[in-house]
Each structure stands twice: as C-alpha cells, then as structure tokens.
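Heads up: the sequence lines are chains A and B, in that order. For what it's worth, our numbering labels the leading residue of the first sequence as 660, then goes sequentially. For what it's worth, our numbering labels the leading residue of the second sequence as 12, then goes sequentially. Working notes, structure below.
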Amino acid sequence: AAGVIQSPRHLIKEKRETATLKCYPIPRHDTVYWYQQGPGQDPQFLISFYEKMQSDKGSIPDRFSAQQFSDYHSELNMSSLELGDSALYFCASSLGSSGGRETQYFGPGTRLLVL
Amino acid sequence: RKEVEQDPGPFNVPEGATVAFNCTYSNSASQSFFWYRQDCRKEPKLLMSVYSSGNEDGRFTAQLNRASQYISLLIRDSKLSDSATYLCVVNMDSLGIQGAQKLVFGQGTRLTINP
Numbered sequence: 660a661a662g663v664i665q666s667p668r669h670l671i672k673e674k675r676e677t678a679t680l681k682c683y684p685i686p687r688h689d690t691v692y693w694y695q696q697g698p699g700q701d702p703q704f705l706i707s708f709y710e711k712m713q714s715d716k717g718s719i720p721d722r723f724s725a726q727q728f729s730d731y732h733s734e735l736n737m738s739s740l741e742l743g744d745s746a747l748y749f750c751a752s753s754l755g756s757s758g759g760r761e762t763q764y765f766g767p768g769t770r771l772l773v774l
Numbered sequence: 012r013k014e015v016e017q018d019p020g021p022f023n024v025p026e027g028a029t030v031a032f033n034c035t036y037s038n039s040a041s042q043s044f045f046w047y048r049q050d051c052r053k054e055p056k057l058l059m060s061v062y063s064s065g066n067e068d069g070r071f072t073a074q075l076n077r078a079s080q081y082i083s084l085l086i087r088d089s090k091l092s093d094s095a096t097y098l099c100v101v102n103m104d105s106l107g108i109q110g111a112q113k114l115v116f117g118q119g120t121r122l123t124i125n126p
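Structure, rendered in structure tokens:
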C-alpha cells in the first residue's frame, strides 16, 4: 500500500539559510500534519492542514510557514535557520473525520542538520 | 507537567517474557488514544488504537481507563523484533474538528528484548 512520501530524506544547511520540506500524503487523504522531533525528544506538533486550509497550529516558529496545495501535498518552508532547528521533521497524513477518529500515518521523515 | 507521561525505561526483558507499559494523560476530554512504536531514527508506526472496552491484536493488548486517565499496553511472549521505543499518543482535540486532531506524544518507553 502507498505510504506518505517525504522529500528530501536528508538535508544539510548553514545557519540563516532557507529550507523547503515536501510531503505527499497517502492517496485520498485530505489532511496533513507536521511534527518536529529533536534529538532524544518526542515529536512535537507544528501545524496541520485540512482540505488545503490551515486547521490547527502548534509550536511552529514565525520563521516557518507551510501550505497545502490543490493536489493535497504540503510544503514546510523554513527561513533564517538556526542550529536548534536540527531535527527530524515528520509529516503525517489522515482522512479528516469528525469526532476524534482520525488515524495518522507517518512518513519516513526529513532529517535536517543546520551547521 | 507533561500532557502525556510514561516511564522512559529502559526495559530489558528476556525473549518470551510479558511486559507492560503504562501512560497517563492530562486532558480528560481527549477522545482517542494510540500506541505507536518507533525504531531508531525511523518514523513512528501505528501499533494499535486504544478503545474504552480494551482491545487485543495478537500478542498485544491495550486498555484505557478514562476515569483514571490511564492507558496501558501489554506485550505477551515478547520477540526480539519487539525491541523498539513505544510511544503513548493522545489526540488532544476535544471538539472532534476535522483536521485539527493533533497528537501529543509521551516521551516513549525504550524496550530491549534479550535472547
């Protein structure tokens, strides 16, 4: 079965540079969630999109922005990168449903290293 | 206090043993609960959802106690391949809004099965 695709899988950037991470959800999934997992940490929610509209926002820095496109893929744009942005960035997709019944499936992640 | 708390371990048990993990969560209005497993440097993978009536999937049994805000996972006849970090995960959305069902992760319990 098709899974969530993320690209690139690995990324090395310098401080103050920009980065764009991409996420392609499971076919027919309309909801995308972004999470950040620092070294030795649990994943932290950043932002989510349902039907191409931002649906929720977590601890996402103002330097980051994201959007979901008409084909439901999503991009996370990160500017003015800092050393502390080095982390694993996961995208998860789900089929949006009410009543708290969504199940999220995670992509393999993008490992970002800021030097 | 973290929203989802679990014993980080590590748990080192012999192959064939039964092991139990516990987790507590802070938001009494949370609607859905999950156990994910995460292998080193990989994405979280859904192990099972947790239902109020308790549910079983092969060697794995999950229980939810809403009154005590407590979730458990029992692994019977443990295999070497069960070695991983087990993440207790709670959907903190209490309104059941589509696309706004962010997951909050516990810090994970590290399990190692020894031959």
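Beta carbons are placed, not taken as given, at the ideal position from N, Cα and C, and that holds for glycine.
Problem - Which of helix, strand or coil DSSP assigns to A:Leu740 - result: coil
Handout entry: chain B within 8 Å of A:Arg668, Cβ atoms only
Key = no
Practice task
With 8 Å as the threshold, decide whether the Cβ of A:Thr762 is near any Cβ in chain B.
Solution key: yes
Handout entry: Residue-chain proximity (B:Phe32, chain A), Cβ-Cβ < 8 Å
Key = no
Practice task
Could you round the C-beta distance between B:Tyr97 and B:Leu85 to whole angstroms and report it? I think they count as a contact, below 8 Å.
Solution key: That belief does not hold up - the Cβ atoms of B:Tyr97 and B:Leu85 are roughly 11 Å apart, past 8 Å.
Problem - Spatially closest choice to B:Asp50 from B:Ser43, B:Leu58 and B:Pro25, by CA coordinates - result: B:Leu58
Practice task
Determine, using beta-carbon pairs with one atom in the stretch 20-31 of chain B and one in the stretch 692-709 of chain A, whether at least three such pairs fall under 8 Å.
Solution key: no
Handout entry: Among A:Ala661, A:Gln727 and A:Tyr764, the one whose alpha carbon lies nearest that of B:Phe45
Key = A:Tyr764
Exercise for the section: With 8 Å as the threshold, decide whether the Cβ of A:Thr677 is near any Cβ in chain B. Expected result: no
Handout entry: Which of helix, strand or coil DSSP assigns to B:Leu91
Key = helix
Practice task
Could you tell me whether any Cβ in chain B is nearer than 8 Å to the Cβ of A:Thr690?
Solution key: yes
Practice task
Let me know if B:Gly110 comes out buried or exposed under the rule of 16 or more other beta-carbons within 10 Å of its beta-carbon.
Solution key: buried
Handout entry: Partners in chain A for B:Ser94, counting only beta-carbon separations shorter than 9 Å
Key = Going along chain A, no residue has its Cβ under 9 Å from B:Ser94, so there is no contact; the nearest lies around 18 Å.
Exercise for the section: Could you work out which residues of chain B lie near A:Tyr748, taking near to mean beta carbons separated by less than 7 Å? Expected result: The contacting residues do not exist; A:Tyr748 stays about 11 Å from chain B at best.
Exercise for the section: Examine chain B for any beta-carbon lying closer than 8 Å to the beta-carbon of A:Asp701, and answer yes or no. Expected result: yes
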